[in-house]
Each structure stands twice: as C-alpha cells, then as structure tokens.
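4 protein chains.
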Amino acid sequence: MHFASDNWAGAHPAIADNLARRNGGFVKANGGSDFDLQVEQTFRDIFETDVAVHYVGTGTAANALGLSAVARPGGVVLCHSEAHIRVDECGAPEFFAAGTRLESVDGELGRFDAASLETAIGLIEDGGLNAGQVQAVSVSQLTEAGTAYDLDTIGAIADVAHGHGVPLHMDGARFANAVVALGCTPAEMSWKRGVDIVSFGGTKNGCWCAEAVLVFNPDHGRQMDYLRKRAGHIASKARFVSAQFEAYFADGLWLEMAAHANRMGARVAGIIAARNRFRLAWQPQGNEVFAVGPKEAVDALAEKGAQFSHWQPPRAERHLVGEDEAMIRLVASFATTDADVAALDVALAG
Amino acid sequence: MHFASDNWAGAHPAIADNLARRNGGFVKANGGSDFDLQVEQTFRDIFETDVAVHYVGTGTAANALGLSAVARPGGVVLCHSEAHIRVDECGAPEFFAAGTRLESVDGELGRFDAASLETAIGLIEDGGLNAGQVQAVSVSQLTEAGTAYDLDTIGAIADVAHGHGVPLHMDGARFANAVVALGCTPAEMSWKRGVDIVSFGGTKNGCWCAEAVLVFNPDHGRQMDYLRKRAGHIASKARFVSAQFEAYFADGLWLEMAAHANRMGARVAGIIAARNRFRLAWQPQGNEVFAVGPKEAVDALAEKGAQFSHWQPPRAERHLVGEDEAMIRLVASFATTDADVAALDVALAG
Amino acid sequence: MHFASDNWAGAHPAIADNLARRNGGFVKANGGSDFDLQVEQTFRDIFETDVAVHYVGTGTAANALGLSAVARPGGVVLCHSEAHIRVDECGAPEFFAAGTRLESVDGELGRFDAASLETAIGLIEDGGLNAGQVQAVSVSQLTEAGTAYDLDTIGAIADVAHGHGVPLHMDGARFANAVVALGCTPAEMSWKRGVDIVSFGGTKNGCWCAEAVLVFNPDHGRQMDYLRKRAGHIASKARFVSAQFEAYFADGLWLEMAAHANRMGARVAGIIAARNRFRLAWQPQGNEVFAVGPKEAVDALAEKGAQFSHWQPPRAERHLVGEDEAMIRLVASFATTDADVAALDVALAG
Amino acid sequence: MHFASDNWAGAHPAIADNLARRNGGFVKANGGSDFDLQVEQTFRDIFETDVAVHYVGTGTAANALGLSAVARPGGVVLCHSEAHIRVDECGAPEFFAAGTRLESVDGELGRFDAASLETAIGLIEDGGLNAGQVQAVSVSQLTEAGTAYDLDTIGAIADVAHGHGVPLHMDGARFANAVVALGCTPAEMSWKRGVDIVSFGGTKNGCWCAEAVLVFNPDHGRQMDYLRKRAGHIASKARFVSAQFEAYFADGLWLEMAAHANRMGARVAGIIAARNRFRLAWQPQGNEVFAVGPKEAVDALAEKGAQFSHWQPPRAERHLVGEDEAMIRLVASFATTDADVAALDVALAG
C-alpha cells in the first residue's frame, strides 16, 4: 500500500530503457548537443511555442532558479500561504536571490484568487521602499491541496501580475497531473493564460531526475545559464536528462502516466468515501487524496502497512479536523497498482 | 578521436544496468532508505572510517557546498590560482556562502606547497578585519594541470591549514584517477593525511550523475543537509544516485575505470612524444594530457576530426608556449577505445 | 504640528554640542579608542552586565546584523506578523543572512504571546528539513502598534525560545520609550528576562545617527565585527557615534527625552479622546498614538497643516476601522513642543 | 605626530558647525527633503551634470553598493590586485552581490593600464560560462599606493570597459586629493573620461561620516534605493549627511582641505628624502607617503611617538624593500599641523 508520495516510485521502464539506449558514444557535455537540442524542440512542439528549456536538478531548484531569474533587491514573491516554495523548500527561493521574501496570499484549498492577490500586492506597493518591491506571483498547479486552478483563474491572476509589471510563475511539480485533470493542453495551462515561467516537473511523474525551468519570455531567461551554473545545476552529462524527457514525451507517455495516477487517486478517494473510517477532506482533482479521520483510525491504518503522510491541515482548512481527528494524505503515482488499491480497500474495511 | 573531456562519455554499462535493476518498487524519497544507507556503508568501507556522505547534483555543487559548510563572514578560501573553484565554477563557491573570497596561491603545474600557503595565509591574518578571515584551504586532486599532489605534500598542506584552525578541502572530481596514479588507498589520500572534506566525483569516471560531499569531521557536516536542501541538491529519488555508486564501487569497477583512463592517457602522451607535431607540455600523471604545438598543427588536428580542448596556458606555464604555438588538452576516460588512440596516432603521423 | 515620525526631529542640543566637544584631536579610527571603550563601559553600567556593544549605521542594520549573527541555513525567525523586520525593512534581515525567512506569529496590538509562539515553532520543527530550522525569535519593544510587552510576557517568550535552543532578539528602536513606559530598568527589560540580543536605537530618541547591536551572550557575538565590516557598518570615525551616546546617557538624558516623548504622546491621546473627530484606536503606551476617524476628517486635519502618517491597519485590528474611516498615526518625540500639541488641539476642535 | 590615517582626525570645524546650524526644526526623514534636494543640486553643480546622489554609511558600503547595482550572476569585477575593494573590505563587494568575484589586474604603483585590462577581460570571456561574466571595472583614485591615474589612462580604461559592455567604477575615498593632485575638475576626472559610478568619499577629507554613491548613468541607479534600504544604508535623519556635504562644498572647503593634506604630504616626503633614515618608496601624488627604511629605524620612529602604519609592500613593489628593511605609510589630512610636521623632522633627524 504505497501512497506515501509520488517520488517513492522509481522511473517508468520506458524511461529507464531510454537511458540505456542513449548511453553509447560521446556527446558534448553540459548540454547543447544535437540530442539535447532535439529534445528541447520536443518541448517546443508540446507547448506550441518557442519556449526556452533549462534543465535543473530538482523541483526546488527549478522554483528557486525560476524566481531568482526575475529577482530584484527587496523583492517580494506573492504566493499561497501554504505554497511549497514558502513552507517546504528550506528557504531555497530566499537563498537563491539572497533575500527574496515570500508573502502569503490566503485562499481555500490551496488556491487564491485575483482579488486577494490584488489586495496583497496593494499592501506592498503602498509601503514604499520599506515594503520592498513586487517581484513575481507564483501559483502551484496542482496546488499543495491537490486541487487545480481553473484556466480562467490562472488568466485572471496573470492579469493582476502583469498589471503590476511582474511575471507569473507556476510551480508545476505536478504539471502533468493538472493538465490531465483539466483536460486542456500544456499551452492552455501556461503561456496562453499568461504564465511566464514554469517549473516543469518530470520526477514525480515517472522520471528518475528530470526537471526543467521553462521560460516563455526571453527577457526573463537571459541570465538563466549563469544562474544555473553558479548554483551547480548544469549537469555535465546533460543527455541523461534529455534521454528521460525524450521517453517521457514519446507517444504521450507523460500524460498516460499522469492519467493513471489521477485515476488511481480517484479510486482511492472513492474507497475512502465508501468506507466509514475516514471522510474525504475535500474532493481531489489529481493524484493526491486528503482524508480526515479519528487518530486511532490513522494509527490502525499505518499498522496495517499502509504508507501515507500525516498532514498538517492548512490554516484555511483546520476547521475540517475535529479534536480527536487527524488529516492524512495518500498519493497515487504512475506506478500505483490495482493490488495496492485493493489492499487499501481491505484495510479500510476492517 | 574523443578526447574533449571525460564527461562526454555516457555511463559505464554496469552502472546503467544497475540503475535498471534498482528501478522496481517503492523506496523512501529524499535519501535515508535502507538501500541508501547500505551504499553509504560502502563509502565507509572504502574510506576505512566513519565518513558522512552527502549526495549532490554536480561537482560544482559539491565544491561550493563543501566549502560553504565551513563558511564565515569575510571568509577566504586559499587555493591554487588556476583552481577549478576559482576560475571555472562561475562564482559558485562565492555564491553559496554569499561572498566567500578565493585567494590565489601560486605554484607550478597546478600545485602549491606548504610554504607558499603559509605565506598567503599570513598576508590575510596580518590584514586584520579588513582582509577577512581564513575559512579553508582547498586542493584539487588531480589538479587542473592533470598532476597529482604526493601524499607528503597533502599532509604538509593539511598541517598548515590545521595550524591556522581551518579545514582542508579536496576537489576530487578526478579522485579515482589520482588514487590510481599514486597507487595509494582512498584513506591515505584523504583523512589519513589531514583532508577534512572531499568532493568525491563519480560522473567523470563512468557515472551518469553521481557526486558526493564526504565529511570526515562531524563538526563540519552539521548543517550540510540544510545547505543541500536550500540549494535544491537533495534528489527526491535519491536511489538513482545510490544505484550508480553501488555499481561504481562493486568489484573495484571505479578503480578499474580510472586505471583504464590513466593508461589511455599515458598512451596518448606516448604518441605525442613520439610524433613530432606536438611536444608534451609536461608529463601527465592521470588521464589528462597537455601538449604544445604550432597553431597550424592544432588546426590540422581538429580538421582531421580529433576532439580536444584549446587550453589557456596557466600563468606559471606560459613560458612553455612559443609565439606561434598553442596549448591543447586531450582527456581519456573509461570509455576511450584502442581505435580512438590508434586514429590519433595516424592523425599525428600525417 | 509635527507628528509624522520621531526621526523628523534633529538631534538634542546636548548631543549636538557633545559632537563638537569631541571633535578635536586625533583618535584611533574604526572604534576601539580609549574614548570608544569608555562609552562602551557606560553601556555596561546602564545594563548592569558585561554586554558587547557594536555600533551600526541604522536600526535596520542593527536588526539585520543582530539576526544574521545567529544565522543558520534554512533559518526561520519568528516574529509578529506586523514586525518592522518583516514588513518594513525591504528584506534586510533576509538579505544579510542570504535567505532568512521571517515567519509570522499573530497577536493583537503588535504583540504575540508565548503560547502562540510555541505553536508556530512547532509547525516548523514538525516540517523536518523542508520547513528549515528555527533560528531566533524577535520581539519589538515598543511594538509596531506603539504598545509594550510587559516583563512577564518577555520572560515567557524567552523561555519558549530558549527551550527550542534559539536566542531572543529585541528590536529596540524605541527601547527608551518602552523602559519609561514600563518603569523598569534596561536590564529588567532585556537580559534579566532572557533577551539575548538588542537592537538599541538612539536615533529616534534624540541622536543624529546612533544605533548599536547589544549582545549579552558572547557566543552570539563572535562573528559580529566581520559581519559589520563586510556590510559596510563600521564607521571609520567611530567617535562620532560614541560622542552621541556619551551625551545620550549623561545625566539620564535618554530617559528624560523618552519620558517627554511619552508624555507628549499621552497628551495627544487625551486630545483625540476629548475631541470628537477621531477616536483612539487603542490606548498608547509610549510616544505613538493611533487614531481612527472619517476619511474626510483625515483630509481636513492634513489640510490644517498637521503632519502625521496614514496607517495601514494591522490585520488583527482591521475591524476597528469602519468603511468610510481610516487609521492615522501621530508620533511625539523629544522635540515635540507644547505649541504643536496646542495647535493639534485647535485643529481637532474646529 | 599624527600620520596614522586621514580618518583619525575629527570633522572640520565648519562642518561640525553646520551640523549644529541644521539641527533645528523638523525635516522629512529618510532623505528627499527640500534641504536634501538642495545639497544634491550642489553635487550636480560641482560635477556639471545630472548625477544621482545616494548617501551611504561608509566607503566600503559605497563601493559594495555601487558595484552591486550592476551585479550579474557569476559577475566578475576587474580591479588592481591591491585594490581596497579586493583586499581591504572583508568581502563586502562579494557579499553585497551574493558572490561577485574580484579579479586582479597587475600594475605598478597601484595602477593598471588599458592593455593589461584588455588581456584580463579576454581571459574571462574566453572561459565561457565557467569563468562567469564581466560585470564592471574598478579603479581607485587615489590608488592604494597614493598615486593618481592620469586622465588619459582613465579614459583608455573606460574605453576598454565600455567596449566590453560594462561600466567603470571609481573608488573615490580620496577623490578630492586626486582632483587637487591632477589640477582638473571633478567632471574631468569622472564622467567626462567615461567613469560611470563614483564612490565619493567625504569622511577622510574632513567630514564625520559622509559618503555617497554617484551614478551618472540612470540605468545603473534604478535599484539603488532598494539596495541601500535592504543594506541598512538609508540614514533616517539624512539631513545630518546633507549638512556635512553642504559645508564641505561651501566656498570650496573640500578642495582647500585636500590641498592642505596634499601639501602636508609633500612636506613629509621632503623631510624623508632629506633625512637619511628612510627613503621614499616612490614619489607621492597626494596625501599618502610611503617610505622604506631599516626595521630598527621604524621601531625608533614609533618610540619617538610618531603614528604611522606598517605597510605590507604591494607585490609589484616588494623588490624595493631590502631584507632588513620595512615599508611604512604616513598620511596627512586636513588637520595635519605644522607642529606635527616639524616634530617628524626632529624625530627623523635624531
């Protein structure tokens, strides 16, 4: 019963195989080989535009480097109060820009809206020099609550950001799951709605270690290679990333894996709703399921061998958890099996 | 004729195979799984001591994080004037500590000695607050000139560093090549001679992407996990690094690959010495060969399809290059073939 | 009617005179002269302990340097959500430590309590590596709401901080006003209640430019001189700061000035309460008065020549401001005159 | 015999008096008052152009902030190997840009020439991403050897910098002494010869604490206020700086003080040349005199009560100092008296 997180799985066999296939021979180091350029072209095909692709080592690096590319002294990035960049990256975005401040915007289920953003930006701009200057807005898609922003909200948020002269960044650690959840194209969920920079994650969705910062506006990307180099995020054998992405995109594997993960997530949600030990905290949209139940039921589930996370309820959702209750998170992945889902069902039935 | 650099090769097949073998099933993310711990134990066996092992994404990250672990405000790291950390890492060591200064110590063939180091440290300490404070000493092994420090010199340099209360760091991007060149053990080339922190490189010697900061003194490593995390250098699927190192160390593969690379380097050096187009700039000790020849011979060699680097002669060795001459570097690797060496011989014969 | 801020005044004549008096002759630069040491001794007399005194250029520098002295990678400083360090220093504390994160603790009237702090620290510690590590706790005294923490609350907050192994910092930009307000000694409001580092402000209370970081625990101050030097905060003619502080402390001038400012603040509060244009937002404890009134009354008051600040109501006090109302802040200082107070009374009467 | 440094003196009486004169009344804090603007206008008059004036706390801050205003990731500033910014500011320029690297350009007597600069820049640009990117060129005027760049050399250096797309910064801690030494105008020694940013020092030349970053190209200064604020270098009572500069410039006081200091320096040099205990290391151009003599003569001079600095001979001038000899530095200032010079003469005669 492996529902701890989507990075507990290994790589999809097709991706592992492609690494072996691309292993032979000598290739220009540090990126920029013909093979690397060919995979970059695939990104452009998939995103239907002339996007710049910058590989980095981790999702945290993608977020921190993407945001530092538009850094300003005294810069403030507005993001959800529970955003991964704000509370789960050990100060990486602050560190990479030597002091970026991540200011919270509140909202339910991991999302904020354009009006809340407008208010939050206003507070900074009214503060003059003291409050620093707005640097960027960042959304997570999927959010930390496993929900998705709908396209209109993304567009409205982008309008606010652009109205204040700053770019919109998207933490796309689960970009594929969100695209599948919304049934839209990658372009529709990004630049067509005003997203300027995407942290495009492959690792959680079936790669070994494949993350990229996608930059749609060339102005934002001019310093990116220097930023990556001085951060130790230019892999010398870059083709090992290209080989993963090549297989990731081939024949739509990436969407297939995300669809599987989302389907498995929905089945987990269905089981939880059907069994009476836990209740769904809210309806999942992707591969992450949040549930609430008695603390003793949480312990019992763990004793039965289920792997999941104890979850600190977001501030806006604390009211959903009763006094003797706790919140848990179960995550499905490309590798989640029917057997694991069935075992969970049994464990919750008992 | 692939002699551009040792990171133009892919991964050794045994390492690629092991990645596939370790792909199945679910494993705790972010390191610390049983498998990760088992591979860490292998490091301890090989180094014959209780070393702490911290994976990072690149050699640049290993150097910068290793040095930032002992950072001080106004800190100065003393290193060779041609050290990779000083001139080839785009300011990474400076960036990771928000301002470390890398001060040059001069010396021939990529090496400085204990006496030069003592003088250089004295200049800083005499400068009081203005000059900052000594933070660490760093040596490269192999050096940027492809030479190796002998064990006594390492020990003498360590004594100077420790006498001033600072640790000795070793940039071991080519650690294996140096161990083979010196015919010593990993322990003898590191902690037994006073080295406190090693950037242990696997990538250039047959891995895809496997680097680690090795910390022998627990005091130096206390903040390392936070440093790695905030730098985006904790790979979530850490087993993909462990799997590489597992195969790397199994049955002495790492030393076998380095020995092959060094042997091939020696054969390249022999060919250059035997043919009259170029002369050896100096005797190589590992897998890197530096040669000097007429500029037109350099062009001719490139036209014949040889891949190598045009090399900026180090300051101390500029006198070796005549007016119409240039310096080149040829690097052998685990993957260098007899055919490539033979082709080089033909190209230089013509 | 000068109530804009306490730094719109110049220096107290006694302080200006002392600068002139200490102007003659040659004195060792960069601090450490006999005269500097003598003034440092005065600090120790006043604080009744062996405190280390580090002059810096501004209150922002004092806060940022004091907090960076205890910096850790991924470090988190807990402070009130409206703390000056968090929202009014343009990211200085984040910058000086290359990435400190300032996490909000909520509370009314600019203060949080020990229980809220305990909860907030718990959230970080439960988050493991991702959430970073607690670095320090910081309180402002006076707070941003012009209120004062009572001594027991300071002690309780210090206990929580120390229980988690981190120091307590106090932003004492208005330290003198707080000491007078509480009727306690400097020692009682600092180290006797567990405060480890104080940003001791003289500028707002009658100096030209005199701020110091006071460090009670030698462990926290070991790197301070290097931190100040690399931040450009060691004034070469340090005696110009010493001369200010000498006069500041002589014959209790500093407390006299603060007492005057507090009294004038109380009179302003009395006038506001007595006149019916505005109401006191809350009872002031020092020299800052916050009032709420109709937006048209705010405009009218400005038109009559009164200088004050339009004030963004703190989140916890937004309910105090009605729809067509606004909050303003009036600040008294050592230089506030009876004439100005009388003029304000007339302006509010009209 | 006060020749230790020009910052051992206090402030010129006219400057001290003006501080008192400008003390009364209330003035807008943080700069930007009518009075501040009026003094800024004086800078523009004196520099005959529309320069932006940014006060900061110290010369180190001026240099570090001026250079960080044009920071780039992996940025390299080229400066003389003995430049104050490189060896005497405790890593401030590196810190303020979170990692700027200061690369040495060699040259005699504290100066490099355009050809050496061109070579040094070439090495960086040829190094690609690894070597980082050129960020700025910096010269000191007076240099660390007390010499002055002539105007043509400044112009030639500026041409090289601009030819590579980067600005020229001038560390003008002793700007006034250099202007007097060259007999030129401030404009001729700065923007008319291509200087883009000047650290304009008033402290060493008779102020208490008055330094400014002067920015001639508005593009370079856009972020300066945010940079200063987050570094704690915006003095709240900014008029105390304006008041100093007002008096500094009034009736040419600044040039008069510098002329006095230079004259006194020349007299000190004359005495040293006339007496046979020491010889001039080289001919001084401003207020700093470097001399070489037997170590016992150095001790004897100190015993007679002379205050001066033991000086580490610059690398390029080490050959000037014999085995049992040492180098010393004597500095004259606006406050140097005839009596002190006469006493020195006696001390050297004995």
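Quick note, the sequences are listed as chains A, B, C and D, same order. Going by the UniProt record's numbering, the first residue of the first sequence is number 1, and it counts up by one from there. Going by the UniProt record's numbering, the first residue of the second sequence is number 1, and it counts up by one from there. Going by the UniProt record's numbering, the first residue of the third sequence is number 1, and it counts up by one from there. Going by the UniProt record's numbering, the first residue of the fourth sequence is number 1, and it counts up by one from there. Think of the CB as a built atom: it goes at the ideal place given N, C-alpha and C, for glycine as much as any other residue.
query: Which ranges does the alpha helix (DSSP H) cover as unbroken runs of at least 4 residues, wholly within the segment 51 to 133 of chain A, from first to last along the chain?; result: 59 to 68, 84 to 87, 92 to 96, 114 to 126
query: State yes or no: is the beta carbon of residue 304 (chain B) nearer than 7 angstroms to at least one beta carbon in chain A?; result: no
query: Would you please verify whether the beta carbon of residue 295 (chain B) is less than 7 angstroms from any beta carbon of chain C?; result: no
query: With distances taken Cα to Cα, identify the nearest neighbour of residue 218 (chain A) among A:134, A:197, A:329.; result: A:197
query: Would you list, in sequence order, the uninterrupted beta strand (DSSP E) runs of no fewer than 3 residues that lie entirely inside the segment 208 to 246 of chain D?; result: 211 to 215
query: For residue 254 (chain B), which of helix, strand or coil comes out of DSSP?; result: helix
query: Tell me, to the nearest whole angstrom, how far the beta carbon of residue 315 (chain C) is from that of residue 36 (chain C); I am working on the premise that it is less than 8 angstroms.; result: That belief does not hold up - the Cβ atoms of residue 315 (chain C) and residue 36 (chain C) are roughly 43 angstroms apart, past 8 angstroms.
query: The segment 48 to 68 of chain C: which residues have C-beta closer than 9 angstroms to a C-beta of chain D, in chain order?; result: 56, 57, 58, 59, 60, 61, 62, 63, 64, 65
query: Please decide whether residue 230 (chain B) counts as near chain A, where near means a Cβ-Cβ distance under 7 angstroms.; result: yes
query: Could you confirm whether any beta carbon from chain A is found closer than 7 angstroms to the beta carbon of residue 78 (chain D)?; result: no
query: Under 8 angstroms: do the segment 99 to 108 of chain D and the segment 38 to 51 of chain D share three or more Cβ pairs, one atom per stretch?; result: no
query: Can you give me, in chain order, the residues of the segment 126 to 147 of chain C that have a beta carbon less than 8 angstroms from any beta carbon in chain A?; result: 126, 127, 129, 130, 131, 132
query: For residue 318 (chain C), count the other beta carbons within 10 Å of its own beta carbon; 16 or more makes it buried, fewer makes it exposed. Which is it?; result: exposed
query: Run through DSSP, which three-state label would residue 195 (chain A) get?; result: coil
query: I'd like to check one pair, residue 234 (chain A) with residue 193 (chain A): are the Cβ atoms closer than 7 angstroms?; result: no
query: Grouping DSSP H, G and I as helix and E and B as strand, with all else coil, what is residue 303 (chain C)?; result: helix
query: Looking at the unbroken beta strand (DSSP E) that takes in residue 171 (chain B), where does it start and where does it end?; result: 168 to 172
query: What ranges does the beta strand (DSSP E) occupy inside the segment 275 to 344 of chain B, keeping only unbroken runs of at least 3 residues that lie completely in it?; result: 288 to 294, 309 to 311, 325 to 331
query: Between which two residues does the alpha helix (DSSP H) containing residue 150 (chain C) stretch?; result: Segment: none, residue 150 (chain C) is in no alpha helix (DSSP H) and carries neither H nor E.
query: Please confirm if the segment 4 to 16 of chain D is in contact with the segment 198 to 207 of chain D, defined as three or more CB-CB distances below 8 angstroms between the two stretches.; result: yes
query: How long is the line joining the alpha carbons of residue 150 (chain C) and residue 246 (chain C), rounded to whole angstroms?; result: 28 angstroms
query: Any idea if residue 310 (chain B) is buried or exposed, counting beta-carbon neighbours within 10 angstroms, 16 or more meaning buried?; result: exposed
query: Looking at residue 274 (chain B): is its Cβ nearer than 7 angstroms to the Cβ of residue 280 (chain B)?; result: no
query: Who are the neighbours of residue 248 (chain A) on chain D, taking C-beta pairs under 7 angstroms?; result: Result: empty, since nearest Cβ-Cβ is about 26 angstroms, beyond 7 angstroms.
query: Who are residue 33 (chain D)'s beta bridge partners in DSSP?; result: According to DSSP, residue 33 (chain D) bridges with nothing at all.
query: Could you give the first and the last residue of the continuous alpha helix (DSSP H) run that contains residue 177 (chain B)?; result: 175 to 182
query: Among C:242, C:288, C:254, C:2, whose alpha-carbon lies nearest the alpha-carbon of residue 40 (chain C)?; result: C:242
query: So residue 211 (chain C) packs on residue 58 (chain C), CB below 8 angstroms; how close in whole Å?; result: 6 angstroms
query: Assess, as a yes-or-no matter, whether the segment 177 to 188 of chain A is touched by the segment 252 to 270 of chain A under the definition of 3 or more beta carbon pairs within less than 8 angstroms.; result: yes
query: Give a yes or no on contact between the segment 334 to 341 of chain B and the segment 215 to 230 of chain D, applying the rule of three or more CB pairs nearer than 8 angstroms.; result: no
query: Decide if residue 351 (chain D) is buried, meaning its Cβ has at least 16 other Cβ atoms within 10 Å, or exposed.; result: The shown model of chain D, from 1 to 350, leaves out residue 351 (chain D), and the question about it has no answer.
query: Rounded to the nearest angstrom, how far is the Cβ of residue 134 (chain B) from that of residue 76 (chain B), given a contact under 8 angstroms?; result: 5 angstroms
query: Count the other CB atoms, across all protein chains shown, that sit within 10 Å of the CB of residue 349 (chain B); report buried if there are 16 or more and exposed otherwise.; result: exposed
query: Taking C-beta pairs closer than 8 angstroms, name the residues in chain A that residue 92 (chain B) reaches, listed in chain order.; result: 229, 230, 231, 232
query: To be precise: take each residue of the segment 193 to 205 of chain B, compare its Cβ to all Cβ atoms of chain D, and keep it if any distance is under 7 angstroms. Which residues remain?; result: none
query: Going straight from the alpha carbon of residue 292 (chain C) to that of residue 313 (chain C), what length do you get?; result: 10 angstroms
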